[in-house]
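*Asks:*
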Amino acid sequence: MRDTTAAFKLQKTPVPRAVRRKEVGFPPLPRIFCPFSLPFPRPLSFLFAPMADDAKQRKTLDERAQMSDLERLRHSTAHVLATAIAKLWPDAQFAAGPPVENGFYYDVDLGHRITPDDFPAIEEEMKRVVKENQVFERVTISRSEALDLAQRGRLAALGDREVPSRFKIDLLQDIPEDEEISIFRNGDFWDLCAGPHVPRTGNCKAFKIMSVASAFYKGDASNPQLQRVYGTAFPNRADLDAHLEQLEEARKRDHRRVGREMDLFHIDEAVGQGLILWKPKGALVRQELQDFISEHLRRQGYSQVFTPHIGKLDLYRTSGHFPYYADSQYPPIVEREHLKKLADEGCGCGELSNRLASGEIDGFLLKPMNCPHHIKIFQSNHHSYRDLPVRLAEFGTVYRWEQSGELGGMTRVRCFTQDDAHLFCTEDQVAAEIRGCLELVKIVLGTLGMQDYRVRVGLRDPDSSKYVGDPAKWDKAEAALREAAATLGTAFTEEPGEAAFYGPKIDFVVKDVIGREWQLGTVQVDYNLPERFQLSYIGADNQAHRPVMIHRAPFGSMERFVGVLIEHFAGKFPTWLSPEQVRVLPISEKFLDFAGEVEAVLREAGVRVTVDRSDDKVGAKIRLAQLDKIPYMLVIGAREAESQEVSVRHRDRGDAGSSPVLAFRDQVVAEIRSRSL
RNA sequence: GCUCUUGUAGCUCAGGGGUAGAGCACUUCCUUGGUAAGGAAGAGGUCACGGGUUCAAAUCCCGUCAAGAGCUCCA
Numbered sequence: 002m003r004d005t006t007a008a009f010k011l012q013k014t015p016v017p018r019a020v021r022r023k024e025v026g027f028p029p030l031p032r033i034f035c036p037f038s039l040p041f042p043r044p045l046s047f048l049f050a051p052m053a054d055d056a057k058q059r060k061t062l063d064e065r066a067q068m069s070d071l072e073r074l075r076h077s078t079a080h081v082l083a084t085a086i087a088k089l090w091p092d093a094q095f096a097a098g099p100p101v102e103n104g105f106y107y108d109v110d111l112g113h114r115i116t117p118d119d120f121p122a123i124e125e126e127m128k129r130v131v132k133e134n135q136v137f138e139r140v141t142i143s144r145s146e147a148l149d150l151a152q153r154g155r156l157a158a159l160g161d162r163e164v165p166s167r168f169k170i171d172l173l174q175d176i177p178e179d180e181e182i183s184i185f186r187n188g189d190f191w192d193l194c195a196g197p198h199v200p201r202t203g204n205c206k207a208f209k210i211m212s213v214a215s216a217f218y219k220g221d222a223s224n225p226q227l228q229r230v231y232g233t234a235f236p237n238r239a240d241l242d243a244h245l246e247q248l249e250e251a252r253k254r255d256h257r258r259v260g261r262e263m264d265l266f267h268i269d270e271a272v273g274q275g276l277i278l279w280k281p282k283g284a285l286v287r288q289e290l291q292d293f294i295s296e297h298l299r300r301q302g303y304s305q306v307f308t309p310h311i312g313k314l315d316l317y318r319t320s321g322h323f324p325y326y327a328d329s330q331y332p333p334i335v336e337r338e339h340l341k342k343l344a345d346e347g348c349g350c351g352e353l354s355n356r357l358a359s360g361e362i363d364g365f366l367l368k369p370m371n372c373p374h375h376i377k378i379f380q381s382n383h384h385s386y387r388d389l390p391v392r393l394a395e396f397g398t399v400y401r402w403e404q405s406g407e408l409g410g411m412t413r414v415r416c417f418t419q420d421d422a423h424l425f426c427t428e429d430q431v432a433a434e435i436r437g438c439l440e441l442v443k444i445v446l447g448t449l450g451m452q453d454y455r456v457r458v459g460l461r462d463p464d465s466s467k468y469v470g471d472p473a474k475w476d477k478a479e480a481a482l483r484e485a486a487a488t489l490g491t492a493f494t495e496e497p498g499e500a501a502f503y504g505p506k507i508d509f510v511v512k513d514v515i516g517r518e519w520q521l522g523t524v525q526v527d528y529n530l531p532e533r534f535q536l537s538y539i540g541a542d543n544q545a546h547r548p549v550m551i552h553r554a555p556f557g558s559m560e561r562f563v564g565v566l567i568e569h570f571a572g573k574f575p576t577w578l579s580p581e582q583v584r585v586l587p588i589s590e591k592f593l594d595f596a597g598e599v600e601a602v603l604r605e606a607g608v609r610v611t612v613d614r615s616d617d618k619v620g621a622k623i624r625l626a627q628l629d630k631i632p633y634m635l636v637i638g639a640r641e642a643e644s645q646e647v648s649v650r651h652r653d654r655g656d657a658g659s660s661p662v663l664a665f666r667d668q669v670v671a672e673i674r675s676r677s678l
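Under the working numbering, think of the first position of the first sequence as 2, with each following residue one higher.
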């Protein structure tokens, strides 16, 4: 058996994890801008990732009593789980077993390694406990009695043991002096627990063990690693089944799976982790989206620019990205001459490494963001107040060294392309510019049928002094953001303390069709970079003034956005976004010529069309086209060739009757042009 | 990064100390058909990579790489 006692040191003040991942499924990715300047002694990824609320407040007994019925049920089921595990493996040492968003877990340290093969046995044992319909009995005890029970190994156990219940002893110490201590008993299983619980184990009828993973005790990597058994529970079988079906649905929609099936993108070991290869079909989707967004950018008076993927290190020293956040960037590219010079000076590998880390080297950096390049474009001209706002947009590709454990699919990658733009404006223009950004978001999400999104307005914490810039400007910018959010006509929340230190921001969180939330882009007001780069424009008073910058990437990155869209549509993109919009299905090879004519007519009209020239029967061709999620199938046989018509089948609506070739062409072209859903 | 799990054909997966398996996809042939799978044959794999144990390794052990899940919504 593993001896965790030696490694286990009690921690009086648990160190909160810098980055907590609350969402189930896919983690958020609001790491869009980072025009920071303060030398926080933290890795860059900390700033790219959502900030955790500081140390979670311990729940009071009152708060716990307010646990919802479902949470109560799940927490009780966690005790049933622990009872079963304690029966099967009496040496089990339990830590915490709370209800969580989609169920519950219980952390356990155990000589035996639990695998999915063990689930049936555990569930059988749990069913027995449920069937016995044991009463959950609350017993109030004194601190010393609790300690005594724990020393006897009696807590989270079915009887006395030779080894103390060591995690429970530790947890006891976290309980404030003035708080009542209670244990809950069901049958012979006693556990330190504040409750509340359902009355009897018989209430925990509908449950399922979902998975087992590892977790650090109290989330601290210096603590022992425990096995975390996840389960879920519902009041009845039907609700449980519905939940499991939804999970299955989510699994089917997983963009990694759909992306492979539909041949949209590929990640290759030989290229590198977190680096997306957009295959032809995925590239079409992305290109359509970019064209769509560009069209609206032009309408809104943006100027599109192109900038390189690298820049001199000095640029990023000025912006503040380097060297403080070097850990989250690809290492610098050192110039050949500089390297040679270092070698001539006798600089060894160790010293080189140190100099790289400290930033005392010359070279280039793969850009971690686009703002410095755009700033340099702005600075390449003198600007009058009459020029403002200057709006520079770019589908700008950036590189970040995410920890390998954070990577996943298209939603968490090391190279991504932002729908980025930087607006240089006067303070008076900030409000209107923010409204413009939100307008674009509204149009794009509306066109895609993603009506279910919310907006978070991140304001500064009035009690903190970590923010840069003049408080009066902050007030103005915050008011502008608040006002703009209100005009959006959608729900928004204001979250004090969630602002970046350089300015307030708006985040967009979209909900997909099965209710999962995804953080996409942000709009951020920035007073910091204009200062660092000494930006200026000449005002009506003939004096130099400092412009304000707005960073905005409303859809975050093309990678993540397309990943979200794949799941949102379950791969069934609207016609305008579909990589293949129409497939012609000749009944037999006799009609290949006519099929070719139909193909030519459609292609000429700009429709993405192919002909299935295989010798499959039409049923098989339809099946394949359905699996490829192609919006329109045109069945062509003798009748159609005779009348110059096509028999139209839609992937969702089925057989739609026949239509003259040109009429179909006009209809599908109109559908594509209008970008209808 | 850390822990666990996984890595076998383009895809989905079975197998497992002694000729490498299936279905789908692919190629060829037969079939020329009417709204979700017509038939036959064939081709395709250093079993992720590198070491080790063994007469013998895809299989067992160690390491590397990669993928997936998890990493306090606290007794």
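Using N, Cα and C, we set each Cβ at its ideal position, and we do this for glycine too.
#1: To test your reading of the DSSP string, which unbroken alpha helix (DSSP H) runs of 4 or more residues are found completely within the stretch 492-567?
#2: Quick one, which of P580, F235 and P373 has its alpha-carbon nearest T319's?
#3: By Cβ distance below 6 Å, which residues in the same chain neighbour L678 in space, the five residues on each side in sequence not counted?
#4: Going by C-alpha distance, which of Y106, I176, V109 and D527 is nearest S145?
#5: By a C-beta neighbour count over all protein chains shown, 10 Å radius and 16 as the cutoff for buried, is I334 buried or exposed?
#6: Three-state secondary structure (DSSP) at N187?
#7: For the putative contact between E560 and I277, defined by C-beta atoms under 8 Å, what is the C-beta separation to the nearest angstrom?
#8: With 16 as the cutoff for other CB atoms within 10 Å, does E403 come out buried or exposed?
#9: List, from N- to C-terminal side, the beta strand (DSSP E) runs of 3 residues or more that fit wholly inside the stretch 407-483.
#10: Okay, do the stretch 282-298 and the stretch 336-343 touch, 3+ Cβ pairs below 8 Å being the bar?
#11: Taking its Cβ as the centre, do 16 or more other Cβ atoms sit within 10 Å of H383, making it buried, or is it exposed?
#12: Counting pairs of beta carbons, one from the stretch 127-147 and one from the stretch 104-115, are three or more of them closer than 8 Å?
#13: Looking at C-alpha atoms only, which residue of I311, L314, G564 and A79 is the closest neighbour of A207?
#14: Closer than 8 Å is the cut-off here; do at least three beta carbon pairs connect the stretch 462-473 with the stretch 499-513?
#15: Apart from the five residues on each side of it in sequence, which residues of its chain come closer than 8 Å, Cβ to Cβ, to V431?
#16: In the stretch 212-246, which residue ranges form an unbroken alpha helix (DSSP H) of at least 4 residues, counting only runs that do not cross its ends?
#17: Could you give the C-beta distance for P497 and P463, rounded to a whole number, given that I count them as a contact under 8 Å?
#18: If C194 sits next to V81, beta carbons under 8 Å apart, how far is it from one beta carbon to the other, in whole angstroms?
#19: Starting from the C-beta of Q305, find all residues in its chain whose C-beta is less than 7 Å away, skip the five residues before and the five after it, and write them out in chain order.
#20: When DSSP builds the beta bridges, which residues end up paired with T398?
#21: Determine the extent of the beta strand (DSSP E) in which I268 is found, giving its start and end residues.
#22: Use the C-beta contact count for G410: other C-beta atoms within 10 angstroms, 16 or more gives buried, fewer gives exposed.
#23: From the DSSP output, in three-state form, read off M634 for me.
#24: Check whether the stretch 220-229 touches the stretch 237-253, taking contact to mean three or more Cβ pairs, one atom from each stretch, closer than 8 Å.
#25: Using CA coordinates, which residue listed in M127, A234, D667 and Q419 is at the minimum distance from E605?
#26: Measuring only the C-alpha atoms, how far is C438 from Q301?
#27: Return the residue from the list G459, L603 and A157 that minimises the CA-CA distance to T611.
#28: State whether the stretch 420-435 contacts the stretch 261-280, with contact taken as three or more CB pairs (one from each stretch) at a distance under 8 Å.
#29: Around the Cβ of H76, are there at least 16 other Cβ atoms within 10 angstroms (buried) or fewer (exposed)?
#30: Between E385 and I507, how many whole angstroms is the CB-CB distance? I'm expecting something under 8 Å.
#31: What span of residues does the beta strand (DSSP E) with K313 cover, start to end?
#32: Considering V130, what are the terminal residues of the alpha helix (DSSP H) in which it resides?
#33: Could you check where the alpha helix (DSSP H) with E641 kicks off and where it finishes?
#34: Is it buried or exposed, E646, if we count other Cβ atoms within 10 angstroms and call 16 or more buried?
#35: Nearest to F534 by alpha carbon, out of I376, P200, R258 and Q544?
#36: Applying the 10 Å Cβ sphere with the 16-neighbour rule, what's the burial state of N355?
*Replies:* Working from what's here:
#1: 529-533
#2: Here residue 319 refers to the residue found at position 318 when the first sequence is read from its first residue. That would be P373, whose Cα lies nearest to the Cα of T319.
#3: As a position in the first sequence, residue 678 is number 677, starting the count at 1. Result list for L678: G450 and P575, in chain order.
#4: One-based indexing of the first sequence puts residue 145 at position 144. Closest option to S145, Cα to Cα, is I176.
#5: As a first step, residue 334 is located in the first sequence; it is residue number 333 there, counting from the start. I334 should be labelled exposed.
#6: Mapped onto the first sequence, residue 187 falls at position 186. N187 falls in the strand class under three-state DSSP.
#7: Indexing the first sequence from 1 puts residue 560 at position 559. Indexing the first sequence from 1 puts residue 277 at position 276. With a Cβ gap of about 6 Å, E560 and I277 count as contacting.
#8: Stepping through the first sequence from its first residue, residue 403 is reached at position 402. With 16 or more other Cβ atoms within 10 Å, it is buried.
#9: 416-426 and 454-460
#10: no
#11: By one-based count along the first sequence, residue 383 stands at place 382. Classification of H383: exposed, given that the 10 Å Cβ count is below 16.
#12: no
#13: Position 206 of the first sequence, counted from the start, is the residue given in the question as residue 207. Taking only the C-alpha atoms, the option nearest A207 is A79.
#14: yes
#15: On the first sequence, residue 431 is found 430 positions in, with the first residue counted as 1. Within the same chain, V431 has close Cβ partners K477, A478, A481, V526, V549 and I551.
#16: none
#17: Your numbering for residue 497 matches position 496 in the first sequence. Your numbering for residue 463 matches position 462 in the first sequence. Right, the Cβ-Cβ distance comes to about 7 Å (below 8 Å), so this counts as a contact.
#18: Here residue 194 is taken as the residue at index 193 of the first sequence, counted from 1. Here residue 81 is taken as the residue at index 80 of the first sequence, counted from 1. Contact doesn't hold; Cβ gap of about 13 Å is too wide.
#19: The sequence position of residue 305 within the first sequence is 304, counting from 1. The residues are S295, L298, A394 and E395.
#20: By 1-based counting over the first sequence, the position of residue 398 is 397. Paired residues: T418.
#21: By one-based count along the first sequence, residue 268 stands at place 267. Looking at the DSSP string, I268 is not in any beta strand (DSSP E), and its letter there is neither H nor E.
#22: If you number the first sequence from 1, residue 410 lands on position 409. Buried, by the Cβ-count rule.
#23: Here residue 634 is taken as the residue at index 633 of the first sequence, counted from 1. In this structure, M634 counts as strand in the three-state DSSP scheme.
#24: no
#25: On the first sequence, residue 605 is found 604 positions in, with the first residue counted as 1. Among M127, A234, D667 and Q419, the Cα nearest to that of E605 belongs to D667.
#26: Numbered from 1 along the first sequence, position 437 holds the residue referred to as residue 438. Numbered from 1 along the first sequence, position 300 holds the residue referred to as residue 301. Each residue's Cα considered, the two are about 9 Å apart.
#27: Within the first sequence, the letter at position 610 stands for residue 611. Of G459, L603 and A157, the residue nearest in Cα terms is L603.
#28: no
#29: Numbered from 1 along the first sequence, position 75 holds the residue referred to as residue 76. By the neighbour-count rule (16 or more Cβ atoms within 10 Å), H76 is buried.
#30: Here the question's residue 385 lines up with position 384 in the first sequence. Here the question's residue 507 lines up with position 506 in the first sequence. A small fix is needed here, since residue 385 is Ser in this sequence, not Glu. With a Cβ gap of about 29 Å, S385 and I507 do not count as contacting.
#31: For the purposes of this step, residue 313 is identified with residue 312 of the first sequence, where counting begins at 1. K313 -> beta strand (DSSP E) spans I311 to K313.
#32: Residue 130 sits at position 129 when you count from the first residue of the first sequence. F120 to E133 is the span of the alpha helix (DSSP H), which, as asked, contains V130.
#33: Here residue 641 corresponds to residue number 640 of the first sequence, with the count starting at 1. Unbroken alpha helix (DSSP H) run through E641: A639 to S644.
#34: Translated into positions along the first sequence, residue 646 becomes position 645. Under this definition E646 is a buried residue.
#35: Translated into positions along the first sequence, residue 534 becomes position 533. Answer by Cα proximity: I376.
#36: Here residue 355 refers to the residue found at position 354 of the first sequence. Exposed.
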